[in-house]
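Q: Chains as they are written, first to last, in my numbering: chain A, 10 to 555; chain B, 166 to 564.
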Amino acid sequence: MNCPMISLALQYLTGYASATDAASRYHVEWPPHPARLFMAMVAAWHETRPLGTDPQEADEAWRQEGAALRWLEELPPPALAVSDHDPRSVVEVFVPPNDMTGAKRTVVPAFRTNRQPRTFPRTRLHDDIAYFIWKDADPDPAIRVALERLSGKLIRVGHSSSLVRAWLPPAEEVPSPNWIAADPSVSFGIGARLSLRTCGPGTLEYLEAQYGAERNARFIELSDSIASFKGKARNEAKARFEEEFGLPWRPGLRPPEPIRPVISSTTTYCQPQPSGVNIYESWFDHNITIFSKFEGPNLGLESTWQILSALRGTILSVCDPVPEWASGHQASGAASESPHMALFPLGYVGSMHADGHLLGVALAFPRNISARERGRALGRLLYDADGTPQVIDLKLGKLGCWSIILEDRPSPPLALRPETWAGTSDTWASVTPVVLDRHPKTDPAKDRIGWKTEVAEIVADACQRIGLPVPIEIDIDKTSWHRGAPRSKPGPDGFPLVPQKPGGPLRPQIHVWLRFDSVVQGPVLLGAGRYRGYGLCKPWWKGERQ
Amino acid sequence: MKPQLDLSTVKAAVRGKAAAFRCRAVLQPAGGEGDKVFPPTYAGAVYAQEERRVRDQEGNWTSVPCVLLDSVQSQANRFEEALQQAIDGGSLAGVVPVIEVDFSGANLLAEVGRVTSLEAPHRASDAILRDGLLDGVPFRQSVEGAKLDEASLANATPLYEICPTALIFGIWDSTGPKGGLGAKFQRSLVSEIVGINAKAGVKTGSRIDPLQIRAAAKVIKSKDGYVLAKDDKQKGAVSPSEVNHGNIPPDISVGGVTIDLAEQTCVLSLPALRRLRFPLAGGRFDPEVDAAGRTVLAALALASAALAFENGLDLRSRCLLWPSEPMVWQLLEIPGKPPREFTIGGEEAVILLKQAVEEAESLGLKWRREPLRLTPSPQLVALLRRSQEIAAAETSETE
Numbered sequence: 010m011n012c013p014m015i016s017l018a019l020q021y022l023t024g025y026a027s028a029t030d031a032a033s034r035y036h037v038e039w040p041p042h043p044a045r046l047f048m049a050m051v052a053a054w055h056e057t058r059p060l061g062t063d064p065q066e067a068d069e070a071w072r073q074e075g076a077a078l079r080w081l082e083e084l085p086p087p088a089l090a091v092s093d094h095d096p097r098s099v100v101e102v103f104v105p106p107n108d109m110t111g112a113k114r115t116v117v118p119a120f121r122t123n124r125q126p127r128t129f130p131r132t133r134l135h136d137d138i139a140y141f142i143w144k145d146a147d148p149d150p151a152i153r154v155a156l157e158r159l160s161g162k163l164i165r166v167g168h169s170s171s172l173v174r175a176w177l178p179p180a181e182e183v184p185s186p187n188w189i190a191a192d193p194s195v196s197f198g199i200g201a202r203l204s205l206r207t208c209g210p211g212t213l214e215y216l217e218a219q220y221g222a223e224r225n226a227r228f229i230e231l232s233d234s235i236a237s238f239k240g241k242a243r244n245e246a247k248a249r250f251e252e253e254f255g256l257p258w259r260p261g262l263r264p265p266e267p268i269r270p271v272i273s274s275t276t277t278y279c280q281p282q283p284s285g286v287n288i289y290e291s292w293f294d295h296n297i298t299i300f301s302k303f304e305g306p307n308l309g310l311e312s313t314w315q316i317l318s319a320l321r322g323t324i325l326s327v328c329d330p331v332p333e334w335a336s337g338h339q340a341s342g343a344a345s346e347s348p349h350m351a352l353f354p355l356g357y358v359g360s361m362h363a364d365g366h367l368l369g370v371a372l373a374f375p376r377n378i379s380a381r382e383r384g385r386a387l388g389r390l391l392y393d394a395d396g397t398p399q400v401i402d403l404k405l406g407k408l409g410c411w412s413i414i415l416e417d418r419p420s421p422p423l424a425l426r427p428e429t430w431a432g433t434s435d436t437w438a439s440v441t442p443v444v445l446d447r448h449p450k451t452d453p454a455k456d457r458i459g460w461k462t463e464v465a466e467i468v469a470d471a472c473q474r475i476g477l478p479v480p481i482e483i484d485i486d487k488t489s490w491h492r493g494a495p496r497s498k499p500g501p502d503g504f505p506l507v508p509q510k511p512g513g514p515l516r517p518q519i520h521v522w523l524r525f526d527s528v529v530q531g532p533v534l535l536g537a538g539r540y541r542g543y544g545l546c547k548p549w550w551k552g553e554r555q
Numbered sequence: 166m167k168p169q170l171d172l173s174t175v176k177a178a179v180r181g182k183a184a185a186f187r188c189r190a191v192l193q194p195a196g197g198e199g200d201k202v203f204p205p206t207y208a209g210a211v212y213a214q215e216e217r218r219v220r221d222q223e224g225n226w227t228s229v230p231c232v233l234l235d236s237v238q239s240q241a242n243r244f245e246e247a248l249q250q251a252i253d254g255g256s257l258a259g260v261v262p263v264i265e266v267d268f269s270g271a272n273l274l275a276e277v278g279r280v281t282s283l284e285a286p287h288r289a290s291d292a293i294l295r296d297g298l299l300d301g302v303p304f305r306q307s308v309e310g311a312k313l314d315e316a317s318l319a320n321a322t323p324l325y326e327i328c329p330t331a332l333i334f335g336i337w338d339s340t341g342p343k344g345g346l347g348a349k350f351q352r353s354l355v356s357e358i359v360g361i362n363a364k365a366g367v368k369t370g371s372r373i374d375p376l377q378i379r380a381a382a383k384v385i386k387s388k389d390g391y392v393l394a395k396d397d398k399q400k401g402a403v404s405p406s407e408v409n410h411g412n413i414p415p416d417i418s419v420g421g422v423t424i425d426l427a428e429q430t431c432v433l434s435l436p437a438l439r440r441l442r443f444p445l446a447g448g449r450f451d452p453e454v455d456a457a458g459r460t461v462l463a464a465l466a467l468a469s470a471a472l473a474f475e476n477g478l479d480l481r482s483r484c485l486l487w488p489s490e491p492m493v494w495q496l497l498e499i500p501g502k503p504p505r506e507f508t509i510g511g512e513e514a515v516i517l518l519k520q521a522v523e524e525a526e527s528l529g530l531k532w533r534r535e536p537l538r539l540t541p542s543p544q545l546v547a548l549l550r551r552s553q554e555i556a557a558a559e560t561s562e563t564e
């Protein structure tokens, strides 16, 4: 790298990183979030504050480190170069308490049965050095020296057992990053996405306020005064205490605890796109239209058909005339032979606690239909007379009534983001089952392997039918590869079968896992139910299978 | 032949910019390579497992299953045990400070003996010590104990004087007068043992009764034991197994693992020690004194690891590990540069520690060589006696 840059290398000395995911104490955080690194540096800075008796140079050096932190927090989020990892299974450890009160307390260690469960997520790193890289950052020599010195003070990042060594490596030793902050003007990148906590201007001040060292010192000062004063002076001190801390003083009152800081600002990271990569696109345009549920009962993915049928009915009745690309029918009433608009459900799947409930629905359009044409056809449905998004009611029969509205929040839930469904990946797996375009001829009871092979061929055809190449690997199962998605067959926790035309056979439906020889741009909708939400696929990454 | 770690190397490391001393030691089951070992089980009767990338014999990367054999917290307890044994056994008696609460003569249901700051879960800030008396005064209100209220990174002297091990293994005085902002010292020594290429085994549990007492011979439990039931329909009649007689059929369940080897990784963080300041009387600071105090703690940490290592690691029933080779410490100085390597045995580590202590003392930083002996308060004794009665009653109810 020849451009100006600064990098901080973090070596995990035990070979493990031990930091708890901010969202779940049963998961380890990896890669280390930039905000976590910043908080560790702030802690190191404050813990090494010179004392009044130290030489003036020490104080000056310390202030430079503070300036370096303020300079760092102004920078954009860093890129990361981090290795893969193998997390240890998370177990609950019971820690003997120390702050027992009450008549039943037991003090001898063997009798401390009221132990508190804790978890210490830990992960083994393939390479124990992680790099944080700020491109185009060119600090003053004084800032660079201060950052170097401050880095050397880091003891840990994460749990106290997550010992580290940190330094500023020369540019030629810094590897290329494998995680970069996603460009917000470009919705889609290749492969996985991560949401990492990052800091910005004002973070240092916020952390100091949350720690409350000054507040704690003031508490002790006033308490000591109250304890030592008498009479009027004591009463005045008590009044000052109550005014400053909002509660009356009494003996034994504990000083205010530091408030655990919460860094809620996050940055989406993606993997850099290798140059010259081939991106396959299907007939569906990646610019999808997303609706979030506005009101209505909590429904799961298994209600896909009812909800999308209601939405389709609403579109047909409100948007008059409805073009062939939206209705899927020619003027004669015959089925359209061209690709047409598809509706699909947006469910909560993939994460550890995903339960498949629906957050909204979406529309995918044929790539050849311009945004203007889409607007012309659907405008009356989506917007009121003032051009404001309006609520759309969907009557769902026995399921009740849903209302939906165009999603336009800056940071909606992941399931309501276009990149979740229309991003790029070389590996996809179904969320709703793929309805096979034809019935396999092989009897699975007699020739299971032959049947699987034939089903894979049908799935491959389905990919080609929407303009994608044949995948290099296909796997099928009745269980989805995405946690939270119902099984492919009717039954408890399963999808109902897609209703067929009168007299037509019920077609099998199956979950699929697909790997292509290059990245595919979503949305990926496959099989006979693709226009009504069945056969919806989502990018899949290693470790996601339940 | 690697050089032996000496005081001058430790001093230079502490004063310089080196990040850590690190040791990666290979251990094998005491029963020999391939013998089964029993990892700790956690809630749900599970082991803590992971995959680890290793090179196979052809040099290709492959993943092997691994299992945690001894956690960071448990290893710290073992190192403290090793120091306590050395204090009791003589090599560190009169060398390393420790705080004791002596329960002997307290008229308890079961003797507790002595609990020290090396044995109490929360070290010097543990409730046991908090409820102890020093010359009749509650410990934390005594002259020695009250000093701990002022302990901080900038004033590690009070802890150094009476409980220096807390500065190595970590301590948080969150129940003291400063609450959450009470003395908090992060651990500087981290060690963990992992079994590599762990394959699950089975374990059996059974009892063959030499008296061949039959299950049909019912008994009635009583306060003093049991009496024979008149017949098996008598009210309260139970099987003799309820009073621990009779055969217990074998119960085959998953248990234990075989491993290729166990790896102990031990890291002593030097920046953690460099955080500590040691003011002398009158609040006077001297960088030489600070360096000397940090050197003592480094030596104490290394000694604890070396002594625990040489004792053999008796982690739990059927999990005794022995080192395959001597302990080798790397000094991590310049990133990217191969670290220098040193050896040091338990005896040599004790000598190094004594030298460091003497140097610190010559500069005015002294610690308490004799144990600080507390007596349990009457309330603590009463509480303990009552706890033992409750525990005994609970045990007899479940039998």
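A virtual CB, placed ideally from N, CA and C, is assigned to each residue, including glycine.
It should be emphasised that the depicted structure is a prediction, and the values quoted were computed from it without experimental measurement.
(1) Hey, how far is the Cα of B:A184 from the Cα of B:L435?
(2) Taking 8 Å as the cut-off, does the segment 433 to 450 of chain B touch the segment 319 to 332 of chain B (at least 3 CB pairs, one atom from each stretch)?
(3) Let me make sure I understand the geometry here. Which of A:T62, A:L405, A:P186 has the alpha-carbon closest to that of A:K144?
(4) So B:A521 and B:L172 are supposed to be a Cβ contact under 8 Å. How far apart are they, rounded?
(5) Cβ of B:A363 within 8 Å of Cβ of B:C188?
(6) Do you know whose CA, among B:A525, B:C484, B:L497, lies nearest B:L234's CA?
(7) Give a yes or no on whether the minimum CB-CB distance between B:F244 and chain A is below 8 Å.
(8) Report the neighbours of B:Q214 on chain D: residues whose CB is nearer than 8 Å to its CB, in chain order.
(9) With a threshold of 8 Å between beta carbons, is A:L535 in contact with chain B?
(10) Inspect the beta-carbon positions of B:L589 and B:L438 and report whether they are closer than 8 Å.
(11) Assign A:G356 to buried or exposed, taking buried as 16 or more other Cβ atoms, counted over all protein chains shown, within 10 Å of its Cβ.
(12) Cα-Cα, which of B:E512, B:L480, B:I499 is closest to B:P204?
(13) May I ask you to report which of helix, strand or coil DSSP gives A:H135?
(14) Thinking just about the alpha-carbon of each residue, which of B:Q429, B:L426, B:L517 is nearest to the one in B:A457?
(15) Can you tell me the Cα-Cα spacing of A:M109 and A:L203, whole angstroms?
(16) Is A:Y543 helix, strand or coil by DSSP?
(17) Using a Cβ-Cβ distance cut-off of 8 Å, determine whether A:V37 contacts chain B.
(18) For A:F197, decide whether its Cβ has a neighbour in chain B, counting only Cβ atoms nearer than 8 Å.
(19) Please state whether DSSP places B:D253 in a helix, a strand or coil.
(20) What residue does the alpha helix (DSSP H) around A:T462 start on, and which one ends it?
(21) Over what stretch of residues does the beta strand (DSSP E) that includes A:Y35 continue unbroken?
(22) Counting C-beta neighbours from all protein chains within 10 Å, is the total for B:A178 16 or more, i.e. buried, or is it exposed?
(23) Decide if the segment 420 to 433 of chain A is in contact with the segment 322 to 330 of chain A; the criterion is three or more beta carbon pairs, one per stretch, under 8 Å apart.
(24) Who are the near neighbours of B:K167 in its chain, counting only those whose CB is closer than 7 Å to its CB and skipping five residues on each side?
(25) Starting from the C-beta of B:G360, find all residues in its chain whose C-beta is less than 7 Å away, skip the five residues before and the five after it, and write them out in chain order.
(26) Could you tell me the boundaries of the beta strand (DSSP E) in which B:E357 lies?
(27) If we define contact as Cβ-Cβ less than 8 Å, is A:Q555 a contact residue for chain B?
(28) With a CB to CB cut of under 6 Å and the five nearest residues on each side skipped, what residues in its chain are close to A:Y25?
(29) Taking only beta carbons into account, state which residues of the segment 163 to 192 of chain A come closer than 9 Å to chain B, listed in chain order.
(30) Using only the alpha-carbon positions, how far apart do A:P265 and A:E251 sit?
(31) Should A:W550 go down as buried or exposed, given a rule of 16 or more other Cβ atoms within 10 Å for buried?
(32) Give the straight-line distance between the Cα atoms of B:D221 and A:P480, rounded to the nearest whole angstrom.
(33) Between A:E101 and A:T128, is the Cβ-Cβ spacing less than 8 Å?
(34) Could you tell me whether the Cβ of A:Q20 comes closer than 8 Å to any Cβ of chain B?
(35) Given a cut-off of 8 Å on the beta-carbon distance, is the pair A:G542 and A:T429 in contact?
(36) List the residues of chain B that A:T23 touches, going by C-beta distances under 9 Å, in chain order.
A: The short version:
(1) B:A184 and B:L435 have their C-alpha atoms spaced approximately 5 Å apart.
(2) In short, these stretches touch, since the Cβ pair count reaches three.
(3) Each of A:T62, A:L405, A:P186 was checked against the Cα of A:K144, and the nearest Cα belongs to A:P186.
(4) That pair is a contact at about 6 Å.
(5) In this structure, B:C188 does not lie closer than 8 Å to B:A363 by Cβ.
(6) The candidate whose alpha carbon is nearest that of B:L234 is B:C484.
(7) Not closer than 8 Å to any Cβ of chain A, the Cβ of B:F244 fails to qualify, so no.
(8) No chain D appears in the structure shown, which is made up of the protein chains A and B.
(9) Chain B contact via Cβ: absent.
(10) Chain B is shown only over 166 to 564; residue 589 of chain B falls outside these bounds and no answer can be derived.
(11) Buried: at least 16 other Cβ atoms inside 10 Å.
(12) Considering only alpha carbons, the answer is B:L480.
(13) In the structure shown, A:H135 falls within a coil segment according to DSSP collapsed to helix, strand and coil.
(14) Selected option, being the one with the closest Cα: B:L517.
(15) Annotation note: pLDDT 49 at A:M109 (below 50); position unreliable, no value reported.
(16) Correct three-state label for A:Y543: coil.
(17) False, the Cβ-Cβ gap to chain B never drops below 8 Å.
(18) Below a pLDDT of 50, predicted positions are generally treated as unreliable, and A:F197, at 45, falls in that range; the measurement from the model is reported next regardless. By this cut-off, A:F197 is not an interface position.
(19) Per DSSP, reduced to three states, the secondary structure at B:D253 is helical.
(20) It spans 457 to 474 - the alpha helix (DSSP H) in which A:T462 sits, taken as one unbroken run.
(21) Counting along the chain, A:Y35 sits inside the beta strand (DSSP E) bounded by residues 33 to 37.
(22) Buried is the call here.
(23) Using a C-beta cut-off of 8 Å, the segment 420 to 433 of chain A makes no contact with the segment 322 to 330 of chain A, since fewer than three inter-stretch Cβ pairs fall below that distance.
(24) Cβ-Cβ distances below 7 Å link B:K167 to V493, E506, F507, T508 in the same chain, with the five nearest sequence neighbours on each side left out; the list follows chain order.
(25) Same-chain partners within the cutoff: V202, P204, C231, V232, L234, V422, I424, A427.
(26) Element bounds for B:E357: 354 to 361.
(27) Its pLDDT being 40, under 50, A:Q555 is placed unreliably by the model, and nothing is read from it.
(28) Same-chain partners within the cutoff: R131, R133.
(29) Per Cβ criterion, the list reads L163, I164, R165, H168, S169, S170, S171, L172, V173, R174, A175, W176, P178, E182.
(30) If I take the Cα positions, the gap works out to 13 Å.
(31) Here A:W550 is exposed. Its C-beta has fewer than 16 other C-beta atoms within 10 Å.
(32) Using only the alpha carbons, I get a separation of about 32 Å.
(33) It is a contact, given that the beta carbons lie within the stated cut-off.
(34) So, interface residue.
(35) Annotated as distal: A:G542 and A:T429, with beta-carbon spacing of 8 Å or more.
(36) Listed along chain B are R187, V237, V355, S356, E357, T430, C431, V432, each with a C-beta nearer than 9 Å to that of A:T23.
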